[in-house]
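K.L.:
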Amino acid sequence: MGAICGLPGQETPTLEGTILNRTNMLERMKTHEEQADYCAAYGVPYVIGETNSIACQGLAGASDVFGAALWAADYTLHAASTNISRLHFHMGTPYRYSAWQPVDLNDTVARAKPVYYGNLFAATALAGSGKSVVGLVSQEFFSAYGIFGGDGGGEAELENVVVVNLRMYNATEMTPRGSVEVVLPSQMVGRRMGVRRLKGRGADVADGITWAGKTVDAQGKLVGDGVVEEVIGGRFPVEDSEAVIIAGLD
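Numbering follows the UniProt record's numbering, with no gaps: position 204 of the sequence shown is 204.
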């Protein structure tokens, strides 16, 4: 849902201008959201049955790098905040936008690819039944969502907050990585809250990605020591080209 591939006479999509740009994503989602609203009025689910970042199996340097993981996280959570019922991500063994490659192929090895981490991040945020998603912040390169849950017997509780900072940071940059300071919402003040981070060396590279301190090995297993940071003073930073989930520690 990022762009069509660069056809003759059309401008080639880019990582910052296409994948990380939420204005681009939101514009392309308008028609789907209108159709989903219509279907919901009649009790009919609206499913986007084949989707991904850029058509023609993805674009090298955009669909197969960490920026695509951030895009997948933001795109999925935005869709969850609408009447869209499901997303089915399109894949193929050698495709640039695939979430994983199950076998060794040519000069590449079986592995989880960047979009897998974005899907894992979104699945973690949405885990469980009866969740609802509300957009809290919507900017061109920054978003935040509230994940609410409840048993239907009372007011929905704010369980998680997701922040996605899509501002471009290249792994080769020599300048300090920028960040945004985030303040806990009032519903979370007074509770012990922890931050788990989806991190990469930069939006433009595919290696060195971690989710809450762990990586995904060739067998699809999470390995490594998990990292959860406790929020101190009700504030925490989110670096450029990074996403976080804030949830209770109790």
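Don't be surprised by glycine CBs; every beta carbon is placed ideally from N, CA and C.
Count the other CB atoms, across all protein chains shown, that sit within 10 Å of the CB of P102; report buried if there are 16 or more and exposed otherwise.
P.N.:
The residue is exposed, with fewer than 16 neighbouring Cβ atoms inside 10 Å.
K.L.:
Less than 7 Å between C-beta atoms, sequence neighbours within five positions excluded: which residues of the same chain meet that for E242?
P.N.:
The answer, listed in chain order, is N165, R197, L198 and K199.
K.L.:
For the beta strand (DSSP E) that contains Y95, what are its first and last residues?
P.N.:
First-last for Y95: undefined, no H or E at that position.
K.L.:
Assuming F236 contacts V182 (C-beta within less than 8 Å), just tell me the rounded distance between them.
P.N.:
Right, the Cβ-Cβ distance comes to about 6 Å (below 8 Å), so this counts as a contact.
K.L.:
Between which two residues does the alpha helix (DSSP H) holding A62 run?
P.N.:
Neither: A62 is in no alpha helix (DSSP H) and is coded neither H nor E.
K.L.:
Using the Cα positions of Q35 and E173, report the straight-line distance between them to the nearest angstrom.
P.N.:
Taking the straight line from one Cα to the other gives about 42 Å.
K.L.:
Measure the Cβ-Cβ separation of residue 315 and F148 and say whether it is below 8 Å.
P.N.:
Because residue 315 is not part of the residues shown, which for the chain are 1 to 250, the question remains open.
K.L.:
Pairing CB atoms from the region 76-88 with CB atoms from the region 46-53, are three or more of them under 8 Å?
P.N.:
The region 76-88 is in contact with the region 46-53.
K.L.:
Between M168 and N106, what straight-line distance do the alpha-carbon atoms span, to the nearest angstrom?
P.N.:
Near 31 Å, if we compare the C-alpha coordinates of N106 and M168.
K.L.:
For S98, which option in N170, S129, G43 and A68 has the closest C-alpha, if you only look at C-alpha atoms?
P.N.:
Nearest option by C-alpha distance: A68.
K.L.:
Name the residue from P13, V244 and S186 whose alpha carbon lies nearest to the alpha carbon of L120.
P.N.:
The shortest C-alpha separation from L120 is found at V244.
K.L.:
For F141 and G224, what's the separation of their Cα atoms in angstroms?
P.N.:
About 30 Å.
K.L.:
Quick check on the DSSP output: the beta strand (DSSP E) that includes M193 runs from which residue to which?
P.N.:
Taken as a continuous stretch (DSSP letters only), the beta strand (DSSP E) holding M193 covers M193 to K199.
K.L.:
Taking the alpha-carbon of E230 as reference, which of T108, K113 and V189 has the nearest alpha-carbon?
P.N.:
Nearest C-alpha to E230: V189.
K.L.:
Kindly provide the ranges of any beta strand (DSSP E) runs that are 3 or more residues long and lie completely inside the region 14-56, ordered along the chain.
P.N.:
DSSP runs (the beta strand (DSSP E)) wholly in the region 14-56: 46-51.
K.L.:
My understanding is that A122 touches T76, with C-beta atoms under 8 Å, so please give their C-beta distance in whole angstroms.
P.N.:
Contact flag correct, Cβ pair sits at about 4 Å.
K.L.:
Looking at the structure shown, is T76 part of a helix, part of a strand, or coil, going by DSSP?
P.N.:
Note: T76 maps to helix in three-state DSSP.
K.L.:
Let me check understanding here. Comparing Cα to Cα, which of G130, L70 and A80 lies closest to K113?
P.N.:
Among G130, L70 and A80, the Cα nearest to that of K113 belongs to L70.
K.L.:
Nearest to E11 by CA position, among R22, L59 and H32, is which residue?
P.N.:
Among R22, L59 and H32, the Cα nearest to that of E11 belongs to L59.
K.L.:
Could you check where the beta strand (DSSP E) with Y145 kicks off and where it finishes?
P.N.:
Segment F142 to G149, the beta strand (DSSP E) holding Y145.
K.L.:
Indicate whether Y116 and W100 have their beta-carbon atoms separated by less than 8 Å.
P.N.:
A contact, by the Cβ cut-off of 8 Å.
K.L.:
Can you check whether the CB of R192 is closer than 8 Å to the CB of L249?
P.N.:
Yes, the Cβ-Cβ distance between L249 and R192 is below 8 Å.
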